[in-house]
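Here is the structure we will look at, set down as structure tokens.
Number of protein chains: 2
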Amino acid sequence: LDHEAIGRVQSRLDNLTKPPGSLGVLEDIVLALAGITGRQPSAPLRKTHILMAGDHGVAACGVSAYPPEVTPQMVLNFANGGAAINVLARHAGVELLLVDVGVASDLPDLPGLLKRKVAYGTANLAEGPALTREQATAALEVGIEVANDCVRRGAELLGTGEMGIGNTTPSTAILAALSGKPVREIVGRGTGLDDQRLELKIKAIEKGLKINRPDPEDGLDVLAKLGGLEIAGLAGLILAGAAARVPVMIDGFISAAAACIAAKLNPQCRQYMIASHLSEEPGHRVMLEMLGLRPMLTMRMRLGEGTGAVLGMTLVDAAVKILNEMATFGEAGVAESLQ
Amino acid sequence: LDHEAIGRVQSRLDNLTKPPGSLGVLEDIVLALAGITGRQPSAPLRKTHILMAGDHGVAACGVSAYPPEVTPQMVLNFANGGAAINVLARHAGVELLLVDVGVASDLPDLPGLLKRKVAYGTANLAEGPALTREQATAALEVGIEVANDCVRRGAELLGTGEMGIGNTTPSTAILAALSGKPVREIVGRGTGLDDQRLELKIKAIEKGLKINRPDPEDGLDVLAKLGGLEIAGLAGLILAGAAARVPVMIDGFISAAAACIAAKLNPQCRQYMIASHLSEEPGHRVMLEMLGLRPMLTMRMRLGEGTGAVLGMTLVDAAVKILNEMATFGEAGVAESLQ
């Protein structure tokens, strides 16, 4: 991080007509942007949200309230502009990029869709490794390549989002492996599981951990044995964003699983992450604690796609405007603190 | 509340391409808007943020890190567009209205400033009643009149904000009186008090409670003895917004004190409030619990002015767009839940 740039921005923040630090996270954000990029940010940031899609063999265990064909159906919905992420991306002035990293069926050519399929979905993690080490690496590389392209085209803030029926299951498995916590303590209802399917989900994850014996110190091992292709892609995106000194807005539970993998592969990349919201999925709080991140929004959201990340981006724009548009004490003729 | 309108909006929400309820508070907001107004909201809402200013006799006790002349200086800053609230109101597309309910000096004519001064600041609550019952009533009426004007001009969402050096002190006193909690448990550092001034603040509040003996069952008594003119004005604004079936976005600690007074005067008005953020002031959480409200944003902000309320308004706009712009399962050809 560029501490000289942080100092310059801190000094400007303290001269603005407000008590020092009184805008809390809005001030933290511009300090982080300064540290990451080495310069004072100016609004509006050029923001790109990347939504990665992939399917999951473990969906065969009945771990989702929705059938797997919803994954490609939703990718079409994204391309047509009808999903929640489209509405919120338009609201926030964010470019949306779709990436097929591993949808289980062939998708047509669609506007805004990058076809980078590594496999037709993962294998069933409850029966063996979800991915080979080679597949996991290839999916990481997809994310790295996409991030680098976005940065080359001028993106100043990247967002993470995903679509993949069943993908809270691998995310929970990853968290269990990395944290050592019992599955039952961190599992949630995903898109809205009933009690019966929740038990199937717990059993599938516990079986997957037992069969695969992932090494919690080896991020790639955890990713390959338990992960998803879109999760791997997002982990690569985060790593490459950090390497290019571009901040990454982390969405909810599945994106945080990718962030935990990225942080295991390179702990330094945590400094380049901004947490957006706290999701309803109980394990999300545990992940954010592991990452040392604090969420800005508590909206009881649990949709994924990056809906929280894109709302979080509107707060980053607000923060940058605060830095650049507020008057100083001197300009406004306002008295400073007595202390 | 209009339960038929709520039912219509709930039915549309459940047909949109997302798991039912998965957008959490975004869904709650449009349901609340439907219940309050009796119709399906459409974006963007016409939003007016009202910033009320007043001075406080108790500032003489050294309870603030800033001198009282900052109140009128900041009103000038608001009128000139240089304060945090100006930046965020522009960001959110919100009209900003300034009201002098009780600044201790005469203000010049300023664009966007309504002069409705009830008194040149309050008396010192540590030495006797801050306001007479008549003054408190007059300030409530200012808020009612301003809200009614805004509604007449087409406002569909009102925001509360304030400026008044020392005003976390009366707000804390109001909370102590209404909740019965010890001052030391709910007091905070306001704009950034050091330990010494914090002790002065605690002593002034404790003295004010002892001398004035406000009746916790009589909202007007609590308001007059401990309150501020801008707090009374905001309480009137909230009551009138609710009466006109217009939702009111509540900002931080001082606005929540006004909301607690409004709720004591008419408990029904709580249904018309939307909580924006959780401030750093420790008593704010207690107030929100008393009001039965849950904040959307946790940004460690403690500036006031309505900075949290205006950020919250951007989330309301996002919610309304979700309702109106998302595709349904039928339109998008996406399969529904298996359960």
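Going down the list, the sequences are from chains A and B. Residue 893 in the working numbering sits at position 200 of the first sequence, and the numbers go up by one each step. Residue 980 in the working numbering sits at position 287 of the second sequence, and the numbers go up by one each step. Built from N, CA and C at the ideal position, the CB exists for glycine as well. Just so we're clear, the structure is a prediction, and the values are computed from it rather than from any experiment.
What first and last residue would you give for the beta strand (DSSP E) that runs through residue i?
{"i": "B:M745", "result": "740-747"}
{"i": "B:V979", "result": "Looking at the DSSP string, B:V979 is not in any beta strand (DSSP E); the run it does join, the alpha helix (DSSP H), is 976-984."}
For residue i, count neighbouring Cβ atoms within 10 angstroms of its own Cβ and tell me buried if that reaches 16, exposed if not.
{"i": "A:T825", "result": "exposed"}
{"i": "B:P960", "result": "exposed"}
{"i": "A:I947", "result": "buried"}
{"i": "B:D908", "result": "exposed"}
{"i": "A:H696", "result": "exposed"}
{"i": "A:G700", "result": "exposed"}
{"i": "A:D799", "result": "exposed"}
{"i": "B:S704", "result": "exposed"}
{"i": "A:I967", "result": "buried"}
{"i": "B:S864", "result": "buried"}
{"i": "A:E998", "result": "buried"}
{"i": "A:I904", "result": "exposed"}
{"i": "B:R634", "result": "In the structure as shown, chain B starts at 694 and stops at 1032, and residue 634 of chain B therefore has no counterpart that could be examined."}
{"i": "B:Q889", "result": "exposed"}
{"i": "B:P875", "result": "exposed"}
{"i": "B:E720", "result": "buried"}
Return the CA-CA distance between residue i and residue j, expressed in angstroms with no decimal places.
{"i": "A:A782", "j": "B:L871", "result": "43 Å"}
{"i": "B:K810", "j": "B:L919", "result": "18 Å"}
{"i": "B:G934", "j": "B:M1006", "result": "16 Å"}
{"i": "B:A925", "j": "A:Y965", "result": "44 Å"}
{"i": "B:L1008", "j": "B:E1018", "result": "15 Å"}
{"i": "A:R845", "j": "A:M942", "result": "18 Å"}
{"i": "B:A869", "j": "A:D748", "result": "55 Å"}
{"i": "A:L1004", "j": "A:S969", "result": "8 Å"}
{"i": "B:G728", "j": "B:L694", "result": "5 Å"}
{"i": "A:K1014", "j": "B:M992", "result": "16 Å"}
{"i": "A:D793", "j": "A:G731", "result": "33 Å"}
{"i": "A:S757", "j": "A:L922", "result": "17 Å"}
{"i": "A:L1031", "j": "B:G750", "result": "18 Å"}
{"i": "A:E855", "j": "A:M745", "result": "5 Å"}
{"i": "B:E827", "j": "A:N708", "result": "41 Å"}
{"i": "B:L807", "j": "B:A752", "result": "24 Å"}
{"i": "B:P661", "j": "B:A928", "result": "With chain B covering 694 to 1032 only, the question about residue 661 of chain B has no answer from this structure."}
{"i": "A:S735", "j": "A:E878", "result": "43 Å"}
{"i": "B:A1002", "j": "B:A937", "result": "20 Å"}
{"i": "B:A840", "j": "B:G847", "result": "11 Å"}
{"i": "A:C843", "j": "A:L726", "result": "17 Å"}
{"i": "B:V702", "j": "B:T710", "result": "15 Å"}
{"i": "A:V796", "j": "A:A897", "result": "21 Å"}
{"i": "B:E974", "j": "B:Q733", "result": "35 Å"}
Quickly, what does DSSP pair residue i with across the bridge? List them, please.
{"i": "B:L789", "result": "B:H742"}
{"i": "A:H970", "result": "A:L990"}
{"i": "B:I858", "result": "B:I858 pairs with nothing; no bridge assigned."}
{"i": "A:K808", "result": "A:D793"}
{"i": "A:M942", "result": "A:G852, A:I967"}
{"i": "A:L1016", "result": "In DSSP, A:L1016 forms no bridge with anything."}
{"i": "A:T1021", "result": "A:L709"}
Quick one: measure Cβ to Cβ for residue i and residue j, integer angstroms, because I've assumed they're closer than 8 Å.
{"i": "B:K740", "j": "B:V780", "result": "Not confirmed; about 15 Å, so no contact."}
{"i": "A:L958", "j": "A:L913", "result": "7 Å"}
{"i": "B:D944", "j": "B:G836", "result": "That belief does not hold up - the Cβ atoms of B:D944 and B:G836 are roughly 14 Å apart, past 8 Å."}
{"i": "A:T1000", "j": "B:L716", "result": "7 Å"}
{"i": "B:M980", "j": "B:A955", "result": "Not confirmed; about 12 Å, so no contact."}
{"i": "B:A1020", "j": "A:N770", "result": "6 Å"}
{"i": "B:L833", "j": "B:L738", "result": "26 Å between Cβ atoms; not a contact."}
{"i": "B:L932", "j": "B:C962", "result": "6 Å"}
Are there any heavy atoms of the ligand SAM lying less than 7 Å away from the beta-carbon of residue i, as far as the coordinates show?
{"i": "B:L1004", "result": "No copy of the ligand SAM occurs in the structure displayed, which carries no ligand at all."}
Looking at the unbroken alpha helix (DSSP H) that takes in residue i, where does it start and where does it end?
{"i": "B:V654", "result": "Residue numbering for chain B in the displayed model covers 694 to 1032; residue 654 of chain B lies beyond these limits and cannot be assessed."}
{"i": "A:N959", "result": "Note, A:N959: premise wrong, no alpha helix (DSSP H); not H, not E."}
{"i": "B:E762", "result": "Per DSSP, B:E762 belongs to no alpha helix (DSSP H) and is neither H nor E."}
{"i": "B:E923", "result": "922-936"}
{"i": "A:E892", "result": "888-905"}
{"i": "A:V876", "result": "876-879"}
{"i": "B:A776", "result": "Looking at the DSSP string, B:A776 is not in any alpha helix (DSSP H), and its letter there is neither H nor E."}
{"i": "A:L919", "result": "912-919"}
{"i": "B:V756", "result": "Premise fails: B:V756 is in no alpha helix (DSSP H) and is neither H nor E."}
{"i": "A:G873", "result": "Careful: A:G873 lies outside any alpha helix (DSSP H) and carries neither H nor E."}
{"i": "A:G728", "result": "718-730"}
**Prompt:** At a Cβ cut of 8 Å, what residues of the region 982-1016 of chain B count as close to chain E, listed as they run along the chain?
**Reply:** The question asks about chain E, but that chain is absent: this structure's protein chains are A and B.
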